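Novice:
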Amino acid sequence: MPGTFNMLTAKNNLFKIDMKKLENRTVFITGGLSGIGKACALAAAGEGANLAIADLKSDEGLKAMEEIKSENSKAIFIACDVSRFTDTQTAIEKTVSTFGSLDVALNNAGIVAIGFLQIALIFEMLKFYFG
Ligand SMILES: NC(=O)c1ccc[n+]([C@@H]2O[C@H](COP(=O)([O-])OP(=O)(O)OC[C@H]3O[C@@H](n4cnc5c(N)ncnc54)[C@H](O)[C@@H]3O)[C@@H](O)[C@H]2O)c1
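Just add 26 to wherever you are in the sequence shown, counting from 1, and you've got this note's numbering.
#1: Alpha carbons only, please: which of Leu-59, Thr-56, Ala-67 is nearest the one belonging to Leu-48?
#2: From Gln-115 to Ser-84, what distance separates their C-alpha atoms?
#3: Between the Cα of Ala-78 and the Cα atoms of Phe-111, Gly-126, Glu-86, Met-45, which residue gives the shortest distance?
#4: In terms of alpha-carbon separation, which member of Lys-46, Lys-89, Asn-76, Val-53 lies closest to Ser-60?
#5: For Val-108, which residues from the same chain have a beta carbon less than 6 Å from its beta carbon, with the 5 sequence-adjacent residues on both sides left out?
#6: On the three-state DSSP scale, how would you describe Leu-88?
#7: By the 10 Å Cβ neighbour count, where 16 or more other Cβ atoms means buried, how is Ala-65 classified, buried or exposed?
#8: If we count the other Cβ atoms within 10 Å of its Cβ and call it buried at 16 or more, is Val-138 buried or exposed?
#9: Take the Cβ of Glu-73 as the centre, count every other Cβ of all protein chains shown within 10 Å, and call the residue buried at 16 or more, exposed below.
#10: Does the Cβ-Cβ distance between Asn-76 and Thr-112 come in under 8 Å?
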């Protein structure tokens, strides 16, 4: 069972202690209120992490934050636009001042854009396979 460790006592009796994998660890996730970031946030929340989520503020995002907090009440939201240096710096400072450490940083925030490069690569691939 995940999070369960076997321990031997001084008298060699085996007993189990339940411990979540990220207990007492601070996890900082950018873009943690949607998609991949949210899935990681929920997983980290379930493993007991001190969780700081830096994301753009939106009504939808705040609903996602409620969901994450219902999994782990220690989770905090920090309004942050990662394209602004000072926002990101402030978010990291807030994380460390709240939890006292930063152990894992998941730099996930971003956008998926289909641009000319991707279209050109798809076109090349189609040409390769179908002539
Ligand atoms: N989904 C895919 O197939 C795919 C493929 C390759 C790479 N990626 C990358 O993975 C990451 C997550 O993708 P996803 O599909 O989960 O995206 P998503 O759109 O579901 O989530 C992105 C999150 O990032 C936040 N965000 C966007 N710009 C931000 C900014 N400037 N500052 C702070 N937060 C910001 C959004 O509010 C959102 O919560 C992105 O960086 C994306 O480029 C995704």
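Cβ coordinates follow ideal geometry from the N, Cα and C atoms, glycine included. Nothing here was measured: the structure is a model prediction, and the numbers come from that model.
Specialist: In this structure, then:
#1: As a working mapping, residue 48 is identified with position 22 in the sequence shown. Ranked by Cα distance from Leu-48, the options Leu-59, Thr-56, Ala-67 are led by Ala-67.
#2: As a working mapping, residue 115 is identified with position 89 in the sequence shown. As a working mapping, residue 84 is identified with position 58 in the sequence shown. Roughly 21 Å between the two C-alpha positions.
#3: Here residue 78 refers to the residue found at position 52 of the sequence shown. It is Gly-126 whose Cα lies nearest to the Cα of Ala-78.
#4: Indexing the sequence shown from 1 puts residue 60 at position 34. Measuring from the Cα of Ser-60, the nearest candidate turns out to be Lys-89.
#5: Translated into the one-based positions of the sequence shown, residue 108 becomes position 82. Excluding residues up to 5 positions away in sequence, Thr-56, Thr-114, Ala-135 lie with their Cβ nearer than 6 Å to the Cβ of Val-108 in the same chain.
#6: One-based indexing of the sequence shown puts residue 88 at position 62. Looking at Leu-88 - three-state DSSP - the assignment turns out to be helix.
#7: On the sequence shown, position 39 is the one that residue 65 refers to. Under this definition Ala-65 is an exposed residue.
#8: Here residue 138 is taken as the residue at index 112 of the sequence shown, counted from 1. With fewer than 16 other Cβ atoms within 10 Å, it is exposed.
#9: For the purposes of this step, residue 73 is taken as the residue at position 47 of the sequence shown. Result: buried.
#10: Here residue 76 refers to the residue found at position 50 when the sequence shown is read from its first residue. Here residue 112 refers to the residue found at position 86 when the sequence shown is read from its first residue. Cβ distance not < 8 Å, so Asn-76 and Thr-112 don't count as in contact.
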